[in-house]
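Protein chains in written order, with this note's numbering: chain A, 1 to 297; chain B, 1001 to 1263.
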């Protein structure tokens, strides 16, 4: 099956989530031109969408893989689940990763499966010793089976647990130390959780183990309010990134230098050019700090 | 009558999962209270995410069903289905396998008797779309194999169905309805229709099968011999012409191989 292996890692530039609506626009653009696709340095796939046996999704991925590096982002592994990982799903993931040879591989700090089934959402976990042990074991298992280092993504959360004893940052640090995984820093998730739970996103980022960050996510969120009329932000991935999140992104890249950055826009997917314009905006930030780094060297 | 006390909230993922699909279930005991209250609206975000995302998955799998009944009816119907049949696998591209049969017995949809049949077509199309990529077995390949088989053994041949082949039989004109709803200029007639769905290469194709064709192809794809499949078709349709049906099947890319008779 490995008919399009490519050793390219993910460059420290901007990628976007690969959507079927955009297959034609992406593949129609001549290489090396200044139109939309040239501003997108790589694509991220949601692994589960390419776990069928074949068909147009595989054909499109094969064609895009020949021209762009791919990052594989799982949404269904349920790493935070109380029950063990699904061996069938792990096997599918292993097969996909072996097939498309992604430059990065990531999953969420969340759970979605229970005995009642697959709940198709990224559900929260309490931050305590028991969860650290379980999540670390699950990540080690994933890394062993898939044969890749995994990046674990910080979540957007809407509630907290009485049973949490650790901060989110200490929780992530401990898991990374035990499993050897890296981190995927979703800046929008930082902003959403900070607003929802009333803490400073800037302070959170100052405490974040930025040296472990292998990839950054940016996305849009929806606004609602809770029972007390306090703001409740929802990680909807259905619109443009807002300015406060761009400011946090700037803070992150200033601190760690350019990192592969993804624009996530999964619902109400826009025209290709709108998405490419968001990618160009992130690329401008990356270029600014890449140049600063070169000048300082 | 004594009033039933509200159920006690439990902790952990079992309680969390149960409360997601049941809006009347208590919020799990380990969820942090805010100013002494269980955070109803915050928990509702998860409830809403689960149900809305599952309805949306069904809507993308069954777009013609949605068009036929309208968004409001579809969302309400899908909302009932997702609570009764939440996915059992993270493979959302295949979620909703039981939806067509469920729609057929969903009382509010009784006035649209062809709805379940159209859902079956859409399900078949999705399965064909994601099926394995295998080159269809061609007429030339068949002739090459057939030239090595004694004529009296020909009826013993068994074919392997292409992995994307799906067959749908309905008492309603579901093919015409689907085509009409998807921008094709097809008159919708009365009566049942038999439909063959296949993706020999990149495009999913769909066509009505002539009388006897559905039974013949069903038997062939179940691994029956050419003779047995032809007999089933003849029993249903007098004067079934095996040669023309076999030729049409090979030209449509219905098979991925043939097994020569053993011994």
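From the three backbone atoms N, C-alpha and C, an ideal C-beta is built for every residue, glycine too.
So what's residue i in DSSP terms, helix, strand or just coil?
i                       : result
residue 278 of chain A  : helix
residue 265 of chain A  : coil
residue 14 of chain A   : strand
residue 1041 of chain B : helix
residue 285 of chain A  : helix
residue 1153 of chain B : helix
residue 160 of chain A  : coil
residue 1055 of chain B : helix
residue 19 of chain A   : coil
residue 1177 of chain B : helix
residue 224 of chain A  : strand
residue 186 of chain A  : strand
residue 1161 of chain B : strand
residue 106 of chain A  : strand
residue 95 of chain A   : helix
residue 171 of chain A  : helix
residue 1184 of chain B : coil
residue 1193 of chain B : strand
residue 241 of chain A  : coil
residue 1257 of chain B : strand
Using 10 angstroms around the beta-carbon of residue i, count the other beta-carbons present and answer buried if the total reaches 16, otherwise exposed.
i                       : result
residue 1273 of chain B : Since the first and last residues shown for chain B are 1001 and 1263, residue 1273 of chain B lies out of range.
residue 1220 of chain B : buried
residue 1191 of chain B : exposed
residue 268 of chain A  : exposed
residue 1182 of chain B : exposed
residue 1177 of chain B : buried
residue 66 of chain A   : exposed
residue 1246 of chain B : buried
residue 1249 of chain B : buried
residue 74 of chain A   : buried
residue 13 of chain A   : buried
residue 217 of chain A  : buried
residue 167 of chain A  : exposed
residue 1139 of chain B : exposed
residue 1084 of chain B : exposed
residue 1244 of chain B : exposed
residue 179 of chain A  : buried
residue 1043 of chain B : buried
residue 1259 of chain B : exposed
residue 18 of chain A   : buried
residue 48 of chain A   : buried
Sorted by chain position, which residues of the same chain lie with C-beta nearer than 6 Å to residue i's C-beta, five sequence neighbours on each side aside?
i                       : result
residue 1092 of chain B : 1057
residue 1233 of chain B : 1212, 1215, 1216 and 1240
residue 184 of chain A  : 106, 151, 153 and 215
residue 16 of chain A   : 40, 263, 275 and 279
residue 21 of chain A   : 269
residue 1137 of chain B : 1255, 1256 and 1257
Name the chain B residues whose beta carbon is nearer than 7 Å to that of residue i?
i                      : result
residue 163 of chain A : 1030
residue 150 of chain A : Within chain B, no residue comes near residue 150 of chain A; the closest Cβ sits about 16 Å away, beyond 7 Å.
residue 52 of chain A  : 1093 and 1130
residue 126 of chain A : 1030
residue 141 of chain A : Going along chain B, no residue has its Cβ under 7 Å from residue 141 of chain A, so there is no contact; the nearest lies around 16 Å.
residue 49 of chain A  : 1093
residue 59 of chain A  : 1202
Since residue i and residue j are thought to touch, with beta carbons under 8 Å apart, how far apart are those beta carbons, to the nearest angstrom?
i                       : j                       : result
residue 79 of chain A   : residue 42 of chain A   : Contact doesn't hold; Cβ gap of about 24 Å is too wide.
residue 151 of chain A  : residue 181 of chain A  : 7 Å
residue 192 of chain A  : residue 237 of chain A  : Actually they are not in contact, since the Cβ atoms of residue 192 of chain A and residue 237 of chain A sit about 11 Å apart, beyond 8 Å.
residue 1164 of chain B : residue 1193 of chain B : Actually they are not in contact, since the Cβ atoms of residue 1164 of chain B and residue 1193 of chain B sit about 20 Å apart, beyond 8 Å.
residue 128 of chain A  : residue 163 of chain A  : 6 Å
residue 1074 of chain B : residue 1097 of chain B : Not really, about 18 Å apart at Cβ, beyond 8 Å.
Using a cut-off of 7 Å between C-beta atoms, extract the partners of residue i located in chain A.
i                       : result
residue 1049 of chain B : 121
residue 1041 of chain B : 226, 227 and 232
residue 1053 of chain B : 120 and 121
residue 1017 of chain B : 114, 116 and 119
At a CB-CB cut-off below 8 Å, which residues of chain B make contact with residue i?
i                      : result
residue 113 of chain A : 1090
residue 73 of chain A  : None at all; the shortest Cβ gap to chain B is about 13 Å.
Going along chain B in order, which residues have a C-beta closer than 9 Å to the C-beta of residue i?
i                      : result
residue 55 of chain A  : 1128, 1129, 1130, 1131, 1132, 1133, 1164, 1199, 1202 and 1204
residue 159 of chain A : 1027, 1031, 1032, 1034, 1039, 1042, 1043, 1045 and 1046
Residues in its own chain within less than 7 Å of residue i by CB, not counting five upstream and five downstream?
i                       : result
residue 1153 of chain B : 1261
residue 1341 of chain B : Residue numbering for chain B in the displayed model covers 1001 to 1263; residue 1341 of chain B lies beyond these limits and cannot be assessed.
residue 1242 of chain B : 1230
residue 160 of chain A  : 197
residue 1011 of chain B : 1028, 1029 and 1030
residue 1068 of chain B : 1112, 1115, 1118 and 1181
Below 9 Å on C-beta distance, what does residue i contact in chain A?
i                       : result
residue 1014 of chain B : 82, 114, 115 and 116
residue 1086 of chain B : 116, 117, 118, 119 and 120
Using C-beta distances below 8 Å, list every residue in its chain close to residue i, excluding the 5 sequence neighbours before and after it, in chain order.
i                       : result
residue 1188 of chain B : 1173, 1176, 1177 and 1180
residue 248 of chain A  : 187, 190, 191, 201, 202 and 205
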